[in-house]
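Enquirer: Anchor point for the sequence shown: position 10 equals 10 in UniProt numbering, and the numbering is continuous, going up by one each time.
Below is one structure. I have some questions about it.
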Amino acid sequence: CNVQKRYTEAIEMLEKSVEIRLKVLPANHPDMGTSLINISQVLNALGQYEKAINYLKKAFENNFNSLPPDHPSSSIIRNNLGQLYHRQGKFKEAREMYERSLEIQLKVFLADHPDIAWTYNNIAVMYEGDGDSTEALGYYHKALQIELHSLPLNHPDIAATYNNLASLLQE
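Encoded structure:
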């Protein structure tokens, strides 16, 4: 539904998914966390950041009760929370989420995993927003190195990182 931007329909379907899962699965089943993350992503797209944060916190609690603390989905939740905090101007909270996400990723993924590049990009954006071009540049380069090694050369993430680098270098 994201490609078609039919967000209301998407939320209705995701809520039905949660409803069904609550009937057939334990409340702390990892699939519940996935549904909650998906709802938060739709709410994020609608600009309903506070609601999205609440769903991510529920997903985090769900994962905390059902998965190991350094499970990759905990990293995704923290990264998504970081993005939402960033959009709200809560930069300290955003940075904390990104840094914790990165800690988890560096433990559980190979060094060239695309999710690590995604987090490096998010951290770079934070530094760029703070006016620290040197740190931002370093993180953009780390992201680009991983992307060039692990993604097809025409991947949109590579284009986005080149764009971010170019934008920073023009300032």
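Glycine residues also receive a C-beta, built at the ideal position from the N, C-alpha and C atoms.
Alpha carbon to alpha carbon, how far is Leu56 from Ala166? Give it in angstroms, no decimals.
Expert: Roughly 32 Å between the two C-alpha positions.
Enquirer: Between Asn164, Arg95, Val18 and Phe109, which lies nearest to Ile123 when the distance is taken from Cα to Cα?
Expert: When each option's Cα is compared against that of Ile123, the closest is Arg95.
Enquirer: What would DSSP say about Asn154, mapped onto helix, strand or coil?
Expert: In the structure shown, Asn154 sits in coil (DSSP, three-state: anything other than H, G, I, E or B).
Enquirer: Between Ile104 and Leu144, what straight-line distance do the alpha-carbon atoms span, to the nearest angstrom?
Expert: If you take the alpha carbons of Ile104 and Leu144, they lie about 20 Å apart.
Enquirer: As a quick exercise: from Gly138, His113 and Leu168, pick the residue whose alpha carbon is nearest that of Leu148.
Expert: For Leu148, the nearest C-alpha among the options comes from His113.
Enquirer: Out of Ser40, Gly131, Arg100 and Ser75, which one is the CA nearest neighbour of Thr8?
Expert: Of the candidates Ser40, Gly131, Arg100 and Ser75, the one whose C-alpha sits nearest the C-alpha of Thr8 is Ser40.
Enquirer: Determine contact between the segment 86-101 and the segment 60-71, defined as no fewer than three beta-carbon pairs at a distance below 8 Å.
Expert: No, the segment 86-101 does not touch the segment 60-71.
Enquirer: With distance defined between alpha-carbon atoms, name the residue in Asp157, His71, Asn80 and Ala136 nearest to Ala52.
Expert: Checked all of Asp157, His71, Asn80 and Ala136; the closest Cα to Ala52 is Asn80.
Enquirer: Between Ala117 and Ser150, is the Cβ-Cβ spacing less than 9 Å?
Expert: Cβ distance < 9 Å, so Ala117 and Ser150 count as in contact.
Enquirer: So, is Asn62 buried or exposed, given that buried needs 16 or more other C-beta atoms within 10 angstroms?
Expert: Flag for Asn62 reads buried.
Enquirer: Grab the span of the alpha helix (DSSP H) containing Arg83 for me, first residue to last.
Expert: A small fix is needed here, since residue 83 is Gln in this sequence, not Arg. Here the alpha helix (DSSP H) through Gln83 covers Pro72 to Arg87.
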